[in-house]
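Have a look at the structure below, then the notes.
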Ligand code: C5P
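Numbering (this note's numbering), first residue to last: 42 to 264.
Here's what the structure looks like:
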């Protein structure tokens, strides 16, 4: 491929989006948060009480969902049928259901199709769970991110707190991450797994700047 694709996969709350945004900003690439797409679909399913065991209801719902990204300052702002839902998709009701929704084959097929379209001709950084293994197997650079689960829960908890969400405890955040990691790695459709050619990045003990420098070093040869 002529355009450069950087694929970032890994466990929940490992800082994938922090790295992806920083890389995109530094390189002038487009950042795409694939998790936000699964979250927005989940929000639609919750709001419309879509029966997740009913294949035709799911297919019908997917036809009524239009997702768009509006990149302001490399933060990803996503709209669901024209409505800005970037904040709502981070809250617990969506976090608690997203792994179930993202395990549905019909949902994955549709999201992957849209993601591949977005990466067709532009230089992009995309983060998620199956970017290096399914969406862009031919990505020039793949990272697989991980970090100590306790640290991840603390980071996510602080982020929720900063956004003024006080309804959730650290334990609940920890449980949700553990649940999503388990569901994401054991599901049948495109489970979370390291692509053979992905570079492992454990950021338990390194700073954001160190992580960015490490990643830039790997991407630079392809520019
Ligand atoms: O990246 P984030 O944690 O926001 O993703 C939310 C959920 O969406 C994940 O726990 C996973 O179930 C699903 N997901 C996925 N494939 C992707 C990105 C996210 O299955 N490429």
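Built from N, CA and C at the ideal position, the CB exists for glycine as well.
(request) Report the three-state DSSP secondary structure of residue 206 (helix, strand or coil). (result) coil
(request) Measure the C-alpha to C-alpha separation of residue 195 and residue 249 and round it to an integer number of angstroms. (result) 16 Å
(message) Less than 8 Å between the beta carbons of residue 135 and residue 83, yes or no?
(response) Their beta carbons are under 8 Å apart, which means residue 135 touches residue 83 by this criterion.
(request) Look up residue 79 in the DSSP assignment and say whether it is helix, strand or coil. (result) In the structure shown, residue 79 falls within a helical segment according to DSSP collapsed to helix, strand and coil.
(message) So for residue 107, helix, strand or coil by DSSP?
(response) coil
(message) Could you compute how far the alpha carbon of residue 87 sits from the alpha carbon of residue 53?
(response) 21 Å
(request) Verify the contact flag: residue 79, CB atom, against every heavy atom of the ligand C5P, threshold strictly below 7 Å. (result) yes
(request) Figure out for me which residue from 105, 104, 119 has the closest Cα to the Cα of residue 111. (result) 119
(request) Check residue 51 in the structure and name its three-state DSSP category. (result) strand
(request) Have a look at the DSSP bridge pairing and note the partners of residue 166. (result) Paired residues: 47, 72.
(request) Measure the C-alpha to C-alpha separation of residue 47 and residue 98 and round it to an integer number of angstroms. (result) 34 Å
(message) Using C-beta distances below 7 Å, list every residue in its chain close to residue 198, excluding the 5 sequence neighbours before and after it, in chain order.
(response) 211, 214
(request) Identify, in the order they occur along the chain, each residue of the same chain with its Cβ nearer than 7 Å to the Cβ of residue 157, setting aside the five sequence neighbours on each side. (result) 176
(request) Run the proximity test for residue 117: is its beta-carbon closer than 7 Å to any non-hydrogen atom belonging to the ligand C5P? (result) no
(request) Report the three-state DSSP secondary structure of residue 187 (helix, strand or coil). (result) Three-state result, residue 187: strand.
(message) To the nearest angstrom, how far is the alpha carbon of residue 70 from that of residue 123?
(response) 24 Å
(request) Give the DSSP-derived three-state secondary structure of residue 148 in the structure shown. (result) helix
(request) Measure from the alpha carbon of residue 225 to the alpha carbon of each residue in 242, 160, 200, 142, then state which is nearest. (result) 142
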